[in-house]
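Have a look at the structure below before the remarks.
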Amino acid sequence: MNRIWNSIVGKLWITILLLVSFVLFIVTILLLEFLGNYHSETVEEALNQEAATIARIFNQHGEMDISLTVINDILGPETNAVIAEAPHESTYFIHEGLNGEEVREAILNEPDFQKVFETDETVMKEMLLPSLSEEDRMEAYIVLASPINTGEEVHGTVFIYQSLEVMDRTANRTTNIVFLSAFIAFLLTTFFAFFLSTRITLPLRKMREGAFELAKGNFDTKVRAASSDEIGQLATAFNQMGRQLKHHVEVINQEKEQLSSILTSMADAVITFNQDRTILLSNPPAEKLIQQWFLKKDGSMDESLPPEMLHMLDHVLELEEEIEEELEMEGAYYAISLSPLYSGESIRGAVVVLRNMTEQHRLEKLREDFVSNVSHELRTPIAMLQGYSEALLDDVGATEEERKEMTKIIYEESQRMGRLVTDLLNLARMESGHMRLYKEIVQLNSIIERMTYKFSQIAKENGLNLSFATTMDDWAAAELDEDRIEQVMTNLIDNAIRHTPSGGEVSVLVEQDQGYAKISVSDTGVGIPEEDLEYVFERFYKADKARTLGKGGTGLGLAIASNIIKAHGGQIYAESKVGEGTSFIFLLPLKKM
1 MNRIWNSIVG KLWITILLLV SFVLFIVTIL LLEFLGNYHS ETVEEALNQE AATIARIFNQ
61 HGEMDISLTV INDILGPETN AVIAEAPHES TYFIHEGLNG EEVREAILNE PDFQKVFETD
121 ETVMKEMLLP SLSEEDRMEA YIVLASPINT GEEVHGTVFI YQSLEVMDRT ANRTTNIVFL
181 SAFIAFLLTT FFAFFLSTRI TLPLRKMREG AFELAKGNFD TKVRAASSDE IGQLATAFNQ
241 MGRQLKHHVE VINQEKEQLS SILTSMADAV ITFNQDRTIL LSNPPAEKLI QQWFLKKDGS
301 MDESLPPEML HMLDHVLELE EEIEEELEME GAYYAISLSP LYSGESIRGA VVVLRNMTEQ
361 HRLEKLREDF VSNVSHELRT PIAMLQGYSE ALLDDVGATE EERKEMTKII YEESQRMGRL
421 VTDLLNLARM ESGHMRLYKE IVQLNSIIER MTYKFSQIAK ENGLNLSFAT TMDDWAAAEL
481 DEDRIEQVMT NLIDNAIRHT PSGGEVSVLV EQDQGYAKIS VSDTGVGIPE EDLEYVFERF
541 YKADKARTLG KGGTGLGLAI ASNIIKAHGG QIYAESKVGE GTSFIFLLPL KKM
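Under the UniProt record's numbering, the letters of the sequence shown match residues 1 to 593, in that order.
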């Protein structure tokens with residue numbers, strides 16, 4: 001039943017049935033009422049005519065016997081009459097049937113008919129009387145009491161009564177006709193409803209199936225417009241809707257792909273938050289950053305977010321204001337921009353853009369340190385050049401030897417400035433990638449040994465023992481720029497000699513470490529504090545600012561050495577213990593033979 005009621009055919013069918021049933025019910029009620037009134041009026045008129053006929057017969061014949069004979073011949077079989085000259089006196093039956101005596105007594109004893117004898121007025125009334133055809137059964141009769149006028153006097157009263165069974169038969173026949181009409185209407189309605197299903201509901205079912213296909217994403221679905229009426233127009237509108245949906249979905253997908261590509265290619269981290277602070281969308285840099293925070297906090301995703309950013313997010317969501325700040329979070333510097341996202345007039349979330357400024361801060365600090373260090377390194381020689389040159393101009397030197405000494409100092413300081421400028425230019429070229437290497441295949445043992453013993457005389461002059469050792473095969477070779485490697489060795493051995501007190505040792509060791517040659521330059525000097533080891537290869541960095549004073553150091557040698565080794569595909573690092581000595585170690589890839 002639910003299936004029928006949920007379909008258009010069922011609803012149409014039931015609606016038409018209810019409508020037809022209601023109309024037939026109203027028509028039946030009205031028709032029965034009309035037939036009842038009509039039959040009552042017809043019977044009343046017929047009884048009046050029969051009463052007039054009886055009176056006319058009495059006027060014509062005069063005698064009772066002759067008049068009764070004529071009346072029996074004229075009146076129909078369904079009409080019965082009782083003629084009484086006076087109440088409870090002589091009475092005569094016409095068409096007397098079964099139970100005639102009882103009918104006569106009931107009629108003559110009716111109070112309403114008693115006044116007919118007194119007033120000579122006609123009275124009509126419905127009465128329940130014994131049946132004239134069956135025993136022990138009562139029937140409804142309509143009785144007419146009318147005086148018989150024979151000239152100038154009243155000869156008696158005639159009581160004409162007729163059964164209402166005819167009216168009941170008419171009502172039953174009418175009801176049967178109505179039921180037959182209802183059955184025919186049911187058949188016609190059913191046929192009409194299912195006929196309409198092929199004309200109306202079938203196209204609607206096709207459109208329903210097409211709508212389900214559209215819901216699945218099949219936007220190429222089409223329905224056939226078989227007519228030009230409203231259903232055909234609906235089918236046309238449905239097909240147009242499908243085309244529009246396909247177009248809009250394609251546009252949305254293109255915009256989504258474009259936005260995804262933009263977010264993926266962005267170097268900045270982009271995070272979209274919901275109203276409840278949950279993350280809706282993030283690009284790869286943001287996911288990497290969130291993962292780093294999560295590993296640091298070792299908690300839930302919400303707890304892993306820095307409290308500074310959560311505080312800014314709450315401010316944006318509550319006050320609906322944009323925020324742009326630069327602050328430090330989790331040991332790094334970020335430029336943060338937060339903007340609210342709206343859904344109509346209400347805020348639905350916020351988007352956060354984070355740019356990692358740590359490298360910029362580091363470069364800025366390096367720039368500031370570079371300017372400070374260069375100024376510091378140049379200030380002393382410039383001051384000495386200025387001071388001694390003014391002394392020479394003022395002819396301060398009393399003797400020729402003093403003037404020569406001043407001139408020598410000016411020369412040495414100018415050379416020191418020249419070395420500083422040269423080292424700065426070389427370092428700038430290396431860091432910018434403009435350093436050119438002239439590589440050749442050489443045997444490492446021989447060239448490292450040669451580079452080491454170049455400093456034998458200087459070591460003897462400083463009271464040091466310089467040694468060379470190797471555990472690597474003599475035929476081991478590497479492809480390198482010999483001049484650049486010699487520059488590295490010169491810097492490392494020179495530093496070791498200058499920072500080792502007299503009586504100490506400087507040793508060079510060559511070893512093979514898998515596919516690399518491991519060259520170590522060790523001394524027994526004062527050493528470098530452990531906290532300074534990671535900074536020794538930076539420009540101008542000096543663990544002891546006073547230890548190079550007067551020794552001609554620029555603070556750029558180790559930075560240059562680090563760039564040369566990295567350009568050869570190797571690495572360099574330092575090991576040291578304060579009071580025991582320092583070792584500078586670099587690795588160079590060996591040539592596979």
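Heads up, the beta-carbon is just placed ideally off N, CA and C, and yes, glycines get one too. From a predicted model like this one, the values you see are computed outputs, not experimental measurements.
- Assignment of LEU289 by DSSP, reduced to helix, strand and coil, places it in the helix class.
- Inter-residue distance for LYS216 and ILE231 is about 23 Å (C-alpha atoms, whole angstroms).
- Per the C-alpha coordinates, the member of TYR535, VAL442, GLU531 and ALA469 positioned closest to LEU588 is VAL442.
- Inside the stretch 481 to 524, DSSP marks whole beta strand (DSSP E) runs of 3 or more residues at positions 505 to 513 and 516 to 523, from first to last along the chain.
- Taking the CA atoms as reference points, LEU480 sits about 39 Å from MET266.
- Going by DSSP, GLY210 is part of the alpha helix (DSSP H) stretching over 202 to 215.
- By the neighbour-count criterion, in which a residue is buried when 16 or more other Cβ atoms sit within 10 angstroms of its Cβ, TYR334 is buried.
- Secondary structure note for SER562: its alpha helix (DSSP H) is the uninterrupted segment 557 to 567.
- LEU464 is a Cβ neighbour of GLY504, given a cutoff of 8 Å.
- Going by DSSP, ALA237 is part of the alpha helix (DSSP H) stretching over 230 to 265.
- Here the alpha carbon of LYS206 sits roughly 46 Å from the alpha carbon of PRO284.
- In the structure shown, TYR38 falls within a helical segment according to DSSP collapsed to helix, strand and coil.
- For LYS125, the enclosing beta strand (DSSP E) has its first and last residue at 123 to 130.
- Uninterrupted alpha helix (DSSP H) stretches at least 4 residues long and entirely within the stretch 332 to 402 occur at 358 to 393, given in chain order.
- With contacts defined as CB atoms closer than 8 Å, THR122 and ALA145 qualify as a contacting pair.
- When secondary structure is reduced to three states using DSSP, MET138 falls in the strand class.
- At least 8 Å separates the beta-carbon of ALA52 from that of ILE160.
- Rounded to whole angstroms, the separation of the alpha carbons of GLY387 and GLU400 is 18 Å.
- ASN462 and ILE497 do touch by the CB rule: their CB atoms are close to 6 Å apart, below 8 Å.
- Counting C-beta pairs with one atom in each stretch, the stretch 310 to 318 and the stretch 335 to 353 have three or more that are closer than 8 Å, which means they touch.
- In chain order, SER507, VAL508, LEU509 and VAL510 place their CB closer than 8 Å to the CB of ALA469, counting only its own chain and leaving out the 5 sequence neighbours on each side.
- Taking a cut-off of 8 Å for Cβ pairs, the stretch 522 to 536 and the stretch 568 to 580 touch, as three or more such pairs fall below it.
- In its chain, beyond the 5 residues on either side, LEU533, VAL536 and PHE584 have a beta carbon closer than 6 Å to the beta carbon of ALA574.
- 8 Å or more divides the Cβ of VAL521 from the Cβ of ILE565.
- In this structure, THR221 lies near GLY210, with their beta-carbon atoms less than 8 Å apart.
- CA-CA distance, LEU295 to PHE273, rounds to 20 Å.
- Boundaries of the alpha helix (DSSP H) around VAL103: 100 to 108.
- In the DSSP assignment, PRO147 forms a beta bridge with THR157.
- Close CB contacts of MET417 within its chain, under the 6 Å cut and outside five residues either way in sequence, are with PRO381 (chain order).
- For SER583, the enclosing beta strand (DSSP E) has its first and last residue at 581 to 589.
- In the structure shown, PHE455 adopts coil according to DSSP, grouped into three states.
- By the neighbour-count criterion, in which 16 or more other beta carbons inside 10 Å mark a residue as buried, TRP475 falls on the exposed side.
- DSSP places PHE186 in the helix class (H, G or I) of the three-state scheme.
- For SER562, the CB contacts under 6 Å within the same chain, skipping 5 residues up- and downstream, are PHE537 and ILE572 in chain order.
- Our two residues, LYS454 and ASP483, have alpha carbons roughly 14 Å apart in a direct line.
- GLU33 carries a helical assignment under DSSP once its states are collapsed to helix, strand and coil.
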